[in-house]
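Residue numbers (the numbering used here), protein chains in the order written: chain A, 170 to 480; chain B, 836 to 1128. What follows is one structure encoded as structure tokens, with my remarks underneath.
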Amino acid sequence: MTTTAQPVSRANATSFGLTRRQRAEARAKWPVLVLFLPPALLVFTVFVILPMGEAAWYSFYNWNGYSLPTQWVGFKNYELIFKNSAFRQALINNGLIILISICIQVPLALWLATMVTKHIKGAVAFRLIFFLPYVLADVAAGMIWRFVYDGNFGLVAGISHALGVDAPFWLADRTVAIYAILGVIVWKYFGFHMMLFIAGLQAIDKSVLEAADIDGATGWQKFMRVTLPLLGSTVRLSLFFAVVGSLQLFDMIMPLTGAGPSNATQTMVTFLYTFGVMRMQVGFGSAVGVVLFVICVTLAFGYKRIFMKND
Amino acid sequence: MTELAEAPPIDAATASSGGRRLGAGTQTYLYVCLIIVAAIVIVPLLTTALGGFKTLGELRGNPFGLPREWQWHNYGDILVSQRYWLQMGNSLLIAALTVFLTLLFAAMAAFTFAHVKFFGGNFLLNYFLVGLMFPAATAILPLFIRIRDLGLLDTYWGVVLPQVAFGLGMSILLFRNYFRNLPNELFDAAFVDGCGYLRFFWHISLPLSRPIIATVGIISFVGSWNSYILPLILLNSEDKYPWPLGIMVYKGEFSTDWQLILAFITLTILPTIIVFFAAQKHIIAGLTAGAVK
């Protein structure tokens, strides 16, 4: 590591040397500032910040995207959004996804993490298998599960036939479809959370657990009283990713149900796509984007403020 | 090299240290649970791959088992078709451009934030970090209009540039933390020897940064390789589609010919699975790095 440069002797840093150096440094700064910052700054401003600002602006117009927006409609777009039953369904579904992530996915990931950090053969192989779905594209995962759920050819059909009952068409059923999707979400993402917990578990000082052993604590007591409190920051982090990720769900829904049947599986992003992008309703779609933005930022900031202020 | 990283990367292969030997009962319980969950993960993938070898009729009667007669031509036809290779090529090209530009822009900006003190530096850094707070989808319509007005609609650059832009926040953060943890003495020594910022960046920072370049590169590559919503909105012509869009088109065309669709899915996810098992250490560390740092 240090072969590239000799260590500096502190004797060089006389007061005279320092001022000269400081001046030289100041002069040397300019090429860096002029060459190194602008590319990132330009790309980021043009493709992230400006579109966000424009979304806020367009959201007050009724506009099909051609020429310039002229038809000012005030808060009409926002009114329409909250009156739209498909959007309310999207909000409910996003809430449901967050709930499932918190109540099922994260505990499942923690449970599996405690198992694959035990001293057993094949633990590493299990970790890799559990992480595999996370690496696959959402679209591919969605397509695979569309087959699994298919009532004519899929696995669910196969199991039903084996049990001698008629195969259900879950993805075509308004009430069941969203739960079928929730299953795929857990399948796809639990491995990521498990990896976070594995790292958290490995960071726990083993002597604390040994001390608990000596005091005669049972496995469950050790978990509840020692491991879980020490994992606090990892749990909060994992929940944070679950919440933020849930709000962005889109890729997986499209191959599974395309947000149908009759809007039963809309999320906020699929709603934006179906009603804003597909119909080229730039004003309405931008307003949906703004609502999504506000919800994301409020949840993310609020969560960090309340739960992660000490992490 | 790794001792420079501030938090150790997450590594699936690190054996658990210590722990008592487990009783036979506990072991059985563990294996039963783990195998059930592993089966739930693997069975859909395996039936997808095997399903591609069956006929449609057999798929209906026997979705689980091995094919009675292996229909190699399902896979063969796709492998000799132009569309499969075209989509893979498109995805690869878009991902390569995205990775290259993300690394270049993020490393340069992060280097400035890490080493050069200037007025408004902290403000600018926070400006980039705003990008971490919301999903790309929120501004997708204005983005579409911008790309259209720039004449980049239906071009590779029209997808690459927004992808780079949305990856910059996380990438700059990772690079900056890494650069700041390089020993200060390096910089002092180089500066005394008359080495300017630019040469320091090129000859010292970058060569020492291979782990973080790999991390950012992996995050950026996987994100681009799997991305769906941006190409969906910004590309029109099928010959430019990356594979996630290609799957959807393929499904639309062959609708219930599941044996062909399954073969197509298998072939499109095969590169990911091979690379994952070949480089699992780096990929797991990379994909979880954004979370733990």
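For each residue, glycine too, the CB sits at the ideal point set by N, CA and C.
- Query: Secondary structure at Ile464(A), three-state DSSP: helix, strand or coil?
  - Reply: In the structure shown, Ile464(A) sits in a helix (DSSP, three-state: H, G or I).
- Task: Check Asn246(A) in the structure and name its three-state DSSP category.
- Result: DSSP places Asn246(A) within a helical segment (H, G or I) once states are collapsed to three.
- For Gln450(A), the three-state DSSP class (helix, strand or coil): Gln450(A): coil per DSSP, three-state reduction.
- Query: Based on the DSSP secondary-structure assignment, which residues constitute the bridge partners of Asn231(A)?
  - Reply: Per DSSP, Gln240(A).
- Message: Can you check whether the C-beta of Val404(A) is within less than 8 Å of a C-beta belonging to chain B?
- Response: For Val404(A), the closest Cβ of chain B is not nearer than 8 Å.
- Indicate whether the contact test is met: 3 or more Cβ pairs, each with one atom in the segment 216 to 236 of chain A and one in the segment 454 to 462 of chain A, closer than 8 Å. Enough Cβ pairs lie closer than 8 Å, so yes.
- Item | Met393(A) burial status per 10 Å Cβ neighbour count (16 or more: buried) | Answer is exposed; the Cβ neighbour count stays below 16.
- Message: Would you say Ser236(A) lies against chain B (beta-carbon separation less than 8 Å)?
- Response: Not closer than 8 Å to any Cβ of chain B, the Cβ of Ser236(A) fails to qualify, so no.
- Query: Which residues bound the alpha helix (DSSP H) around Tyr442(A)?
  - Reply: No alpha helix (DSSP H) contains Tyr442(A), which DSSP labels as neither H nor E.
- At a Cβ cut of 7 Å, what residues of the segment 943 to 973 of chain B count as close to chain A, listed as they run along the chain? Within the segment 943 to 973 of chain B, the qualifying residues are Met943, Ala944, Phe946, Thr947, Val951, Phe953, Phe963, Gly966, Met968, Phe969, Pro970, Ala972, Thr973.
- Have a look at Val404(A), Phe440(A), Pro430(A), Leu397(A) and flag the residue whose alpha-carbon is nearest the alpha-carbon of Gln417(A). Of the listed residues, the one whose Cα sits closest to Gln417(A) is Phe440(A).
- Buried or exposed (CB count within 10 angstroms, at least 16 for buried), Ile1119(B): A buried status is given to Ile1119(B), since no fewer than 16 other beta-carbon atoms sit within 10 Å of its beta-carbon.
- Interface partners of Val999(B) on chain A, CB under 7 Å: For a Cβ distance threshold of 7 Å, residue set Val212 of chain A lies close to Val999(B), ordered along the chain.
- Item | Partners in chain A for Arg981(B), counting only beta-carbon separations shorter than 9 Å | Listed along chain A, the residues sitting closer than 9 Å to Arg981(B) by beta-carbon distance are Val215, Phe216, Leu219, Pro220, Glu223.
- Task: At 4 residues or longer, and completely inside the segment 887 to 956 of chain B: list those alpha helix (DSSP H) runs for me, N to C.
- Result: If you keep only unbroken alpha helix (DSSP H) runs of at least 4 residues inside the segment 887 to 956 of chain B, you get 891 to 896, 907 to 915, 917 to 950.
- List the residues of chain A whose Cβ lies closer than 8 Å to the Cβ of Asn909(B), in chain order. Residues of chain A passing the Cβ test: none, with the nearest at roughly 14 Å.
- Express the C-alpha separation of Gly956(B) and Arg179(A) in angstroms, rounding to a whole number. Residue placement at Arg179(A) is flagged as unreliable, the pLDDT there being 44, under the threshold of 50; a coordinate-derived value is accordingly withheld.
- Task: State yes or no: is the beta carbon of Ile261(A) nearer than 8 Å to at least one beta carbon in chain B?
- Result: Interface criterion not met: the Cβ of Ile261(A) is under 8 Å from no Cβ in chain B.
- Query: Beta-carbon separation of Cys868(B) and Met364(A) under 8 Å?
  - Reply: When the beta-carbon positions are compared, Cys868(B) and Met364(A) stay at least 8 Å from each other.
- Query: Is Ile313(A) close to chain B, meaning its C-beta is less than 8 Å from at least one C-beta of that chain?
  - Reply: So, interface residue.
- Item | Burial state of Trp199(A), where buried means 16 or more other Cβ atoms lie within 10 Å | Residue burial annotation: Trp199(A) is exposed, with fewer than 16 other C-beta atoms found within 10 angstroms of its C-beta.
- With DSSP run on the structure shown, which of helix, strand or coil describes Tyr1076(B)? Tyr1076(B) carries a coil assignment under DSSP once its states are collapsed to helix, strand and coil.
- Just the chain B side, please: which residues come within less than 9 Å of Tyr227(A) by C-beta, in chain order? Per Cβ cutoff of 9 Å: Leu976, Pro977, Ile980.
- Message: What does the alpha-carbon distance come out to for the pair Gly427(A) and Leu268(A)?
- Response: Take the alpha-carbon of Gly427(A) and the one of Leu268(A): they are about 22 Å apart.
- Would you tell me roughly how many angstroms separate the C-alpha atoms of Val404(A) and Phe366(A), rounded to the nearest one? About 8 Å.
- Message: For the segment 429 to 456 of chain A, list every residue whose C-beta sits within 7 Å of some C-beta in chain B, in sequence order.
- Response: Of all residues in the segment 429 to 456 of chain A, Val438, Leu441, Gly445, Val446, Val451, Gly454, Ser455 have a Cβ within less than 7 Å of some Cβ in chain B.
- Message: Run through chain B and tell me which residues come within less than 8 Å of Ile298(A), C-beta to C-beta.
- Response: Those within 8 Å of Ile298(A) in chain B are Ala873, Val876, Ile877.
- Item | Proximity test, Cβ basis, 8 Å: Asn925(B) and chain A | So no, Asn925(B) is outside the interface.
- Query: Any contact of the segment 1083 to 1100 of chain B with the segment 310 to 323 of chain A, i.e. 3+ C-beta pairs under 8 Å?
  - Reply: Touching, yes, given that three or more Cβ pairs across the two stretches are closer than 8 Å.
- Query: For the segment 1077 to 1090 of chain B, which residues have a CB atom closer than 7 Å to at least one CB atom of chain A, in sequence order?
  - Reply: Of all residues in the segment 1077 to 1090 of chain B, Pro1079, Ile1082, Met1083, Lys1086 have a Cβ within less than 7 Å of some Cβ in chain A.
- Go through the segment 966 to 1023 of chain B residue by residue and report every complete run of the beta strand (DSSP E) that reaches 3 residues or more, in order. For the segment 966 to 1023 of chain B, not a single whole beta strand (DSSP E) run of length 3 or above is found.
- Message: With a threshold of 8 Å on Cβ separation, who are the neighbours of Asp846(B) within its own chain once the five nearest residues in sequence on each side are excluded?
- Response: Cβ neighbours of Asp846(B) beyond the five flanking positions: Lys1116, Ile1119, Ala1120.
- Item | Extent of the continuous alpha helix (DSSP H) to which Lys391(A) belongs | Per DSSP, Lys391(A) belongs to the alpha helix (DSSP H) from 388 to 391.
- How do the segment 1007 to 1025 of chain B and the segment 948 to 968 of chain B stand: do at least 3 beta-carbon pairs fall below 8 Å, yes or no? As far as the Cβ criterion goes, the segment 1007 to 1025 of chain B touches the segment 948 to 968 of chain B, which means the pair count is three or higher.
- Query: Under 8 Å between C-beta atoms, does Trp389(A) make it to chain B?
  - Reply: False, the Cβ-Cβ gap to chain B never drops below 8 Å.
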